[in-house]
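Chemist:
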Amino acid sequence: MTQTRLINRLSAKSILTLTRKARHADGGGLFLAIDGRMRNWVFIYRDRQTQRKKEMGLGPAPGPDKHGVSIADARAKAAEARRMLWNGLDPLTEKRTARAAATTETFGPFADAYVTNVSGGFKSETHKGQWKLSIETHAASLRPLRLDTITTEDVLRVLEPLWEKTPETGKRTQGRIERILDAARAKGLRTGDNPARWKGHLKELLGKRKGPKAHHAALAYPKMPAFMIDLRKLKSVSTLALEFTILNVARTGETIGATWAEIDFAQKLWTLPAFRMKAAREHRVPLSDRALEILNLVRPPKVRPCDFVFPGARKGKPLSGMAMLQALRGIHPGITVHGFRSAFSDWCGDCSSFSEEAREFCLAHVKGDKAEAAYRRGDALAKRRKLLEAWCRFLNGETGNLASLVEAA
């Protein structure tokens, strides 16, 4: 890099004071483009074949009153674009290809390819085998999940059992998942924070553990009606998604990955395809009146089947995997979204006479051939509808006579 470029480089402090409408050069093709209140990072380069200038957006830039992509991250993205140019690739073309792939790329194939590509960096075949064991066995539940929908809770589901039994294996597995998801973000296959990040994230959830600990911090079910009152005071996509998750005892990834094609308003059903489920089985969720009300609240005037029910800030992307957890922390810190499934399970056992089978079906815990057959029958769906309606009434504070919460109701 030339001395001129070094002199002209911006700083994290100086970019906050720049307001003039212009493209402020940082060097190496990176510019801070300011136009009124719009502040964006832009990488400008020449097409090697046509010699025409091309521009690639690198995300919003921070300002005096707004957050954005830091100058360090913008420089890293620009450096990656220059590397592509050096290797004869067009950064814009690669970015568009990555976006297209992001709609279908899942953790398993991507992780396998990552191990193959970095195999030269392994100390030995044994080291390589340990990596494969981590992603094929320990992280098996992540393999069918789309890279852009993997959440902190998905990662915790992998790590918590390891942390309690074999902490060293858990720490190594965490580091490997973090590196794989970092690579996915670098390729544009996911956005936002890395849910497997250790520093300032998983360290706070796993690092201080001594001895056995509950898998997911949960709110005791008697406190749920009061919690729902506080939750419903907040009107945002994140809080509505959280309430929808609680009503349907769903997992975070199931909710944020939901599309309108999965919703049947006439039948009051949410049908999740097998590839989106942890058990790799299609799962039907009977929707309560309140769940349908939430869907109508977030439903736009024009709906495409492929659109996400709970969209994120970026066009065509789902709600962030951290959005519901952040909303939850604002209401009741110290508990997890997944913990509401535990609250539901405890409530079922203590306050209703619904069968364990009906409860497990609602949680999408289906094991064995007989259970599979029962799950497919219509009566299993009818039982689950009654159970989820009773759960909804309980959350509304309509406890009444608990004896009425029976399977034959």
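Counted from 1, the sequence shown has number 336 at position 337 by numbering that gives the first Met the number 0; the numbering is strictly sequential.
Heads up, the beta-carbon is just placed ideally off N, CA and C, and yes, glycines get one too.
Check whether the Cβ atoms of histidine 282 and glutamate 152 lie closer than 7 Å to each other.
Modeler: Residue mapping note: residue 282 aligns to position 283 of the sequence shown, counting from 1. Residue mapping note: residue 152 aligns to position 153 of the sequence shown, counting from 1. Not closer than 7 Å, so no.
Chemist: Kindly indicate the opening and closing residues of the beta strand (DSSP E) around tryptophan 40.
Modeler: The residue given as residue 40 occupies position 41 in the sequence shown. It spans 37 to 45 - the beta strand (DSSP E) in which tryptophan 40 sits, taken as one unbroken run.
Chemist: Pull up the DSSP beta-bridge partners for valine 284, would you.
Modeler: In the sequence shown, residue 284 corresponds to position 285, counting from 1. Trp269.
Chemist: Where do the ends of the beta strand (DSSP E) carrying lysine 52 lie?
Modeler: Sequence index remark: in the sequence shown, residue 52 carries index 53 (1-based). 52 to 59 is the extent of the beta strand (DSSP E) around lysine 52.
Chemist: Counting pairs of Cβ atoms below 8 Å between the region 73 to 86 and the region 43 to 61, do you hit three or more?
Modeler: They touch, by the three-pair rule.
Chemist: Per DSSP, which one or two residues make a beta bridge with leucine 362?
Modeler: Here residue 362 corresponds to residue number 363 of the sequence shown, with the count starting at 1. Paired residues: none, contrary to the question.
Chemist: Which one of Asp288, Gln173, Arg19 has the shortest CA to CA distance from arginine 36?
Modeler: Here residue 36 corresponds to residue number 37 of the sequence shown, with the count starting at 1. Answer by Cα proximity: Arg19.
Chemist: Over what stretch of residues does the alpha helix (DSSP H) that includes isoleucine 149 continue unbroken?
Modeler: In the sequence shown, residue 149 corresponds to position 150, counting from 1. Here isoleucine 149 belongs to no alpha helix (DSSP H), and DSSP marks it neither H nor E.
Chemist: Apply the 10 Å Cβ neighbour rule to alanine 228 and answer buried if 16 or more other Cβ atoms are within range, or exposed otherwise.
Modeler: In the sequence shown, the residue the question calls residue 228 occupies position 229. First, the residue type needs correcting, since residue 228 is isoleucine and not alanine in the sequence shown. Exposed, because fewer than 16 other Cβ atoms sit within 10 Å of the Cβ of isoleucine 228.
Chemist: Could you tell me the alpha carbon to alpha carbon distance between alanine 278 and alanine 139, rounded to whole angstroms?
Modeler: On the sequence shown, position 279 is the one that residue 278 refers to. On the sequence shown, position 140 is the one that residue 139 refers to. Straight-line Cα distance between these residues: approximately 11 Å.
Chemist: Count the other C-beta atoms from every protein chain shown that fall within 10 angstroms of the C-beta of leucine 241, then say buried if there are 16 or more, exposed otherwise.
Modeler: Numbered from 1 along the sequence shown, position 242 holds the residue referred to as residue 241. With 16 or more Cβ atoms within 10 Å of its Cβ, leucine 241 is classed as buried.
Chemist: Using the rule of at least 16 other Cβ atoms within 10 Å of the residue's Cβ for burial, across every protein chain shown, is glutamate 167 buried or exposed?
Modeler: Within the sequence shown, residue 167 is the residue found at index 168, counting from 1. Exposed, since its Cβ has fewer than 16 Cβ neighbours within 10 Å.
Chemist: Determine whether the Cβ of glycine 315 lies closer than 7 Å to any Cβ atom of chain D.
Modeler: Going by chain labels, chain D is absent from the structure shown, which holds only one protein chain.
Chemist: Is the Cβ-Cβ distance between threonine 150 and proline 108 less than 7 Å?
Modeler: The residue you call residue 150 lines up with position 151 of the sequence shown. The residue you call residue 108 lines up with position 109 of the sequence shown. Not in contact: threonine 150 and proline 108 (Cβ atoms no closer than 7 Å).
Chemist: Would you kindly work out how many angstroms separate the C-alpha atoms of phenylalanine 274 and proline 143, rounded to a whole number?
Modeler: Locating residue 274 in the sequence shown gives position 275, counting from the first residue. Locating residue 143 in the sequence shown gives position 144, counting from the first residue. Each residue's Cα considered, the two are about 6 Å apart.
Chemist: Assuming leucine 146 contacts leucine 188 under a Cβ cut-off of 8 Å, what Cβ separation, rounded to an integer in Å, is found between them?
Modeler: Taking the first residue of the sequence shown as 1, we reach residue 146 at position 147. Taking the first residue of the sequence shown as 1, we reach residue 188 at position 189. About 5 Å; that satisfies the 8 Å criterion.
Chemist: Can you find the residues in the same chain that come closer than 8 Å, C-beta to C-beta, to glutamine 129, ignoring five residues on each side of it along the sequence?
Modeler: As a first step, residue 129 is located in the sequence shown; it is residue number 130 there, counting from the start. Once the five neighbours on either side are set aside, the close Cβ partners of glutamine 129 are Arg171.
Chemist: Enumerate, from N- to C-terminal direction, the unbroken beta strand (DSSP E) stretches of 3 or more residues contained entirely within the region 62 to 103.
Modeler: List check, beta strand (DSSP E) in window: nothing returned.
Chemist: Grab me the residues of leucine 9's own chain with a C-beta within less than 7 Å of its C-beta, minus the 5 sequence neighbours each way, in chain order.
Modeler: Taking the first residue of the sequence shown as 1, we reach residue 9 at position 10. Taken in chain order, the residues that qualify are His23, Asp25, Leu31, Ile70.
Chemist: Who pairs with proline 221 in a beta bridge, going by DSSP?
Modeler: Numbered from 1 along the sequence shown, position 222 holds the residue referred to as residue 221. Looking at the DSSP assignment, proline 221 forms no beta bridge with any residue, so it has no partner.
Chemist: So for histidine 200, helix, strand or coil by DSSP?
Modeler: Position 201 of the sequence shown holds residue 200. Correct three-state label for histidine 200: helix.
Chemist: Check whether the region 244 to 256 touches the region 302 to 322, taking contact to mean three or more Cβ pairs, one atom from each stretch, closer than 8 Å.
Modeler: Contact between the region 244 to 256 and the region 302 to 322 is present, because at least three Cβ pairs lie under 8 Å.
Chemist: Whose CA, out of Phe264, Ala265, Ala257, lies closest to the CA of leucine 271?
Modeler: Taking the sequence shown and counting its residues from 1, one reaches residue 271 at position 272. Cα-wise, what sits closest to leucine 271 is Ala257.
Chemist: What residues are listed by DSSP as bridge partners for phenylalanine 30?
Modeler: Locating residue 30 in the sequence shown gives position 31, counting from the first residue. Note: phenylalanine 30 sits in a beta bridge opposite Ala24, Val41.
Chemist: Taking the continuous alpha helix (DSSP H) assigned at tryptophan 346, which residues delimit it?
Modeler: On the sequence shown, residue 346 is found 347 positions in, with the first residue counted as 1. Looking at the DSSP string, the run of the alpha helix (DSSP H) that includes tryptophan 346 is 338 to 350.
Chemist: If you follow the alpha helix (DSSP H) that lysine 170 is in, where does it begin and where does it stop?
Modeler: Mapped onto the sequence shown, residue 170 falls at position 171. Lysine 170 -> alpha helix (DSSP H) spans 166 to 185.
Chemist: Quick one, which of Ile14, Leu17, Arg45, Glu177 has its alpha-carbon nearest glycine 28's?
Modeler: Here the question's residue 28 lines up with position 29 in the sequence shown. Of the listed residues, the one whose Cα sits closest to glycine 28 is Arg45.
Chemist: In the structure shown, what three-state DSSP assignment does isoleucine 262 receive?
Modeler: Numbered from 1 along the sequence shown, position 263 holds the residue referred to as residue 262. In the structure shown, isoleucine 262 sits in a strand (DSSP, three-state: E or B).
Chemist: What is the residue span of the alpha helix (DSSP H) that phenylalanine 237 lies within?
Modeler: Counting from 1 along the sequence shown, the entry for residue 237 is found at position 238. Before going further, note that residue 237 is serine rather than phenylalanine in the sequence given. That run of the alpha helix (DSSP H) goes 236 to 246.
Chemist: Note down the Cα distance separating valine 154 from threonine 105, rounded to an integer number of angstroms.
Modeler: Against the sequence shown, residue 154 aligns to sequence position 155. Against the sequence shown, residue 105 aligns to sequence position 106. Cα to Cα, the separation comes out at about 14 Å.
Chemist: Taking only three categories from DSSP, how would you classify phenylalanine 307?
Modeler: Indexing the sequence shown from 1 puts residue 307 at position 308. Looking at phenylalanine 307 - three-state DSSP - the assignment turns out to be strand.
Chemist: Go ahead and pull the three-state DSSP assignment for proline 108.
Modeler: If you number the sequence shown from 1, residue 108 lands on position 109. It is helical.
Chemist: Do lysine 316 and alanine 357 have their C-beta atoms closer together than 7 Å?
Modeler: For this step, residue 316 is matched to residue 317 along the sequence shown. For this step, residue 357 is matched to residue 358 along the sequence shown. In this structure, alanine 357 does not lie closer than 7 Å to lysine 316 by Cβ.
Chemist: Report the partner residues of proline 332 according to the DSSP bridge assignment.
Modeler: As a first step, residue 332 is located in the sequence shown; it is residue number 333 there, counting from the start. Paired residues: none, contrary to the question.
Chemist: Consult DSSP for proline 194 and reduce its assignment to one of helix, strand or coil.
Modeler: In the sequence shown, residue 194 corresponds to position 195, counting from 1. Looking at proline 194 - three-state DSSP - the assignment turns out to be coil, as it is neither helix nor strand.
Chemist: Can you find the residues in the same chain that come closer than 6 Å, C-beta to C-beta, to alanine 260, ignoring five residues on each side of it along the sequence?
Modeler: Here residue 260 refers to the residue found at position 261 of the sequence shown. Cβ within range, chain order: Pro304.
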